[in-house]
Amino acid sequence: MTGPAQPSSAPLPLSLVAEGPLTGTTGVPGDKSISHRSLMLGALAVGETVIDGLLEGEDVLATAAAMRAMGADITRRDSRWHVHGVGVGGLLQPQVALDMGNSGTSTRLLMGLVASHPITATFIGDASLSRRPMGRVIDPLALMGARFAASPGGRLPLTMTGLCPAVPLTYTLPVASAQVKSAVLLAGLNTPGETTVIEPVATRDHSERMLAGFGAVLRIEGTAQGRAITLTGEAELRPQAITVPGDPSSAAFPMVAALVVPGSAVTITNVGINPTRAGLIGVLQAMGADIAVVNERSVGGEPVADLVVRHSPLTSIEVPPDVVPSMVDEFPVLFVAAAFANGRTVMRGLDELRVKESDRIAVMARGLAACDVTVEELPDGLIVSGSGGEAVGGGATIATELDHRIAMSFAVLGLHARQPVTIDDARPIATSFPGFVAMLQGLGAR
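In the working numbering, each residue carries its 1-based index in the sequence shown increased by 13.
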């Protein structure tokens, strides 16, 4: 599962089982959000940025390839990544289409970078990414002066031409989206004057933290409309030494696995616990999960800790919709945790999951039902009736729709099922967690 998933390649089925408790200590890959932004901002700084712990999954490698195509010198030496940037305003015309693979984050953030540079770029992606709408990013970037020729529905393949100088704007996010916020702020780097994004609901704040760390001038204020982030353009970014913390979205999988497999006790080291990303920990604790957050520290401006997770009887809750932005990518594996809880877990406000790598609400509902879990699909979420800690039926082959988080979630479900659960194709897991199977095997799964 190290190579890119190509439509013509043979699927790679996967079944994981746990014949006893999961035990031990493990790490998880570097945070994907921070990895993307480290490469992009390093490529816009003048000088050498050195990155430790970069996630070397396919999504992040797509970002690295795109930044190279626009002039940055990016190399890997001795497990570290070295980025020699071109400076804000220095991106070059790419000579090839930018292949984003399966990465929506790469696509939307790079569209922001291109929007304020005098270049034209064509974005392409795999079948899954080509189904995802880009209109939410096209709209504000068009207001800044970028021009677009997109496939029907504002989808890839898409060609855009930036405007330099671009037009600064104040933009209120119509939906909570860190990707849209980040795209507008990145466009603002090479835009004269002030670019402001107002988010009525706070989303993950890695872009703001990292832009400030690289030397951009930012102002963050609370307003009647929400949180306003103002960036002063034509910025000069300084190179940085960055240590990427472990990805909380990846840590979610061993965390839930340890909670549902009887007798398990697992420590997950060096996990980012940024409050805008750590919603899953609080939700699981509210369900009764024994999760201890220990050895808290700060690494490169980001809060980090180790998580000690023990098997726990879980009780159903109604998940507050206001936590959704802080754990939107973790809901598929929360659905799995809910399948083992006592009672009906109600999860609403998840409209965003319908436009991820797959329609995660529909795909998870079908897969859970096939594994003998009682589930009710809602327009904006799921109600899952749990087993009270008993093994679920399992015995199904899951159509994962090329979605890495669906594949990993059902692999976790299969660890406590009466019959094996088979993932139809595990290759997409490499987009975010190339060592996923080896990690669970190291804890005792087979």
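For each residue, glycine too, the CB sits at the ideal point set by N, CA and C. Since this is a predicted model, take the numbers as computed values, not measurements.
Just curious, the beta strand (DSSP E) that Ser398 is in, first and last residue? Counting along the chain, the unbroken beta strand (DSSP E) around Ser398 starts and ends at 394 to 398.
Could you check whether Met157 and Ala179 sit closer than 8 Å to each other, using their CB atoms as the reference points? Remark: C-beta atoms of Ala179 and Met157 approach each other more closely than 8 Å.
Paired residues, beta bridge with Phe136 - DSSP: Leu111, Leu171, per the DSSP bridge assignment.
When you compare the CB positions of Gly6 and Thr328, do they come within less than 8 Å of one another, or not? Residue 6 lies beyond the range of the chain shown here (14 to 459); nothing can be said about it.
Between the segment 222 to 233 and the segment 404 to 418, do at least 3 Cβ pairs fall closer than 8 Å? Flag = no, the segment 222 to 233 and the segment 404 to 418 do not touch.
Jot down the residue ranges of each uninterrupted beta strand (DSSP E) in the segment 381 to 426, minimum 3 residues, whole runs only, in chain order. The segment 381 to 426 contains these whole beta strand (DSSP E) runs: 387 to 391, 394 to 398, 405 to 407.
Strand pairing of Arg90, partner residues [DSSP]: DSSP output for Arg90 lists Arg93 as bridge partner(s).
Note the first and the last residue of the continuous alpha helix (DSSP H) segment covering Ile294. In the DSSP assignment, Ile294 falls within the unbroken alpha helix (DSSP H) covering 292 to 299.
Could you check whether Arg373 and Leu469 sit closer than 8 Å to each other, using their CB atoms as the reference points? The first residue shown for the chain is 14 and the last is 459, placing residue 469 beyond what the model contains.
How would you label Glu234, buried or exposed, when you count the other beta carbons within 10 angstroms and need 16 or more for buried? Exposed is the call here.
So Val257 is in the beta strand (DSSP E); what residue range does that whole segment cover? For Val257, there is no enclosing beta strand (DSSP E), as DSSP gives it neither H nor E.
Using only CA atoms, which one of Val337, Pro34, Leu426 lies nearest to Asp393? Proximity to Asp393 across Val337, Pro34, Leu426 peaks at Val337, based on C-alpha coordinates.
Would you mind reading off the limits of the beta strand (DSSP E) that contains Val127? Careful: Val127 lies outside any beta strand (DSSP E), inside the alpha helix (DSSP H) at 117 to 128.
So for Ala352, helix, strand or coil by DSSP? Helix, per DSSP.
Hey, how far is the Cα of Asp65 from the Cα of Ile87? Annotation: Asp65 to Ile87 spans about 13 Å, alpha carbon to alpha carbon.
Going by C-alpha distance, which of Arg290, Ser22, Lys369 is nearest Ser339? Put simply, of Arg290, Ser22, Lys369 the residue whose alpha carbon is nearest the alpha carbon of Ser339 is Arg290.
I believe Ile281 touches Pro267 by the beta-carbon criterion, under 8 Å. Please report the beta-carbon distance rounded to the nearest angstrom. In this structure Ile281 is in contact with Pro267, their Cβ atoms being roughly 6 Å apart against a cut-off of 8 Å.
Identified DSSP bridge partners for Leu250: According to DSSP, which records beta bridges pairwise, Leu250 is partnered with Ala58.
Which listed residue (Glu390, Met421, Val386) has its alpha carbon closest to that of Ala404: Taking only the C-alpha atoms, the option nearest Ala404 is Val386.
Would you say Gly102 lies against chain C (beta-carbon separation less than 8 Å)? In summary, chain C is missing from the structure at hand, where a single protein chain is found.
Nearest CA to the CA of Leu428: which residue from Val30, Ser22, Pro24? Closest option to Leu428, judged by alpha-carbon separation, among Val30, Ser22, Pro24: Val30.
For Ser28, three-class secondary structure by DSSP: Three-state result, Ser28: strand.
If you follow the alpha helix (DSSP H) that Gln432 is in, where does it begin and where does it stop? It is not in any alpha helix (DSSP H) - Gln432 instead sits in the beta strand (DSSP E) that spans 430 to 432.
I need the boundaries of the beta strand (DSSP E) containing Val99, first residue and last residue. Per DSSP, Val99 belongs to no beta strand (DSSP E) and is neither H nor E.
Is there contact here, the segment 161 to 177 with the segment 239 to 256, by at least three beta-carbon pairs under 8 Å? No contact exists between the segment 161 to 177 and the segment 239 to 256.
Exposure of His203, with buried meaning 16 or more beta-carbon neighbours within 10 Å: Residue identity check: residue 203 is Asn in the sequence provided, not His. That one is buried.
Per DSSP, the bridge partner or partners of Pro316: Residue pairing by DSSP places Pro316 opposite Ser311 in a beta bridge.
Measure the CB-CB distance between Ile442 and Ile411 and report whether it falls below 8 Å. Going by C-beta atoms, Ile442 is not nearer than 8 Å to Ile411.
C-beta contact flag for Glu61 and Pro252 at 8 Å: Yes; because the gap between Cβ atoms is below 8 Å, this pair is in contact.
Compute the distance between the beta-carbons of Val368 and Arg121, then report whether it is under 8 Å. It is not a contact, given that the beta carbons lie outside the stated cut-off.
Judging by CA-CA distance, which residue of His324, Leu224, Pro261, Leu293 is the nearest neighbour of Ala318? For the residues His324, Leu224, Pro261, Leu293, the minimum Cα distance to Ala318 belongs to Pro261.
Select from Pro34, Val63, Asp303 the residue whose C-alpha is nearest the C-alpha of Pro275. Relative to Pro275, the option among Pro34, Val63, Asp303 whose CA is nearest is Pro34.
Who are the Cβ neighbours of Thr222 in its own chain at under 6 Å, not counting the five residues just before and after it? The residue asked about is misnamed: residue 222 is Arg in this sequence, not Thr. Non-local C-beta neighbours of Arg222 in its own chain, meaning closer than 6 Å and more than five positions away in sequence, comprise Gly314, ordered along the chain.
Work out the CA separation of Gly114 and Leu25 for me, nearest whole Å. Rounded to whole angstroms, Leu25 to Gly114 spans 18 Å at the Cα level.
Roughly how many angstroms lie between the CA atoms of Glu212 and Ala237, to the nearest whole one? A straight line joining the alpha-carbon of Glu212 with that of Ala237 spans about 11 Å.
Among the residues of its own chain, which have a CB less than 6 Å from the CB of Gly201, if the five just before and after it don't count? Thr208, Leu244, Gly246.
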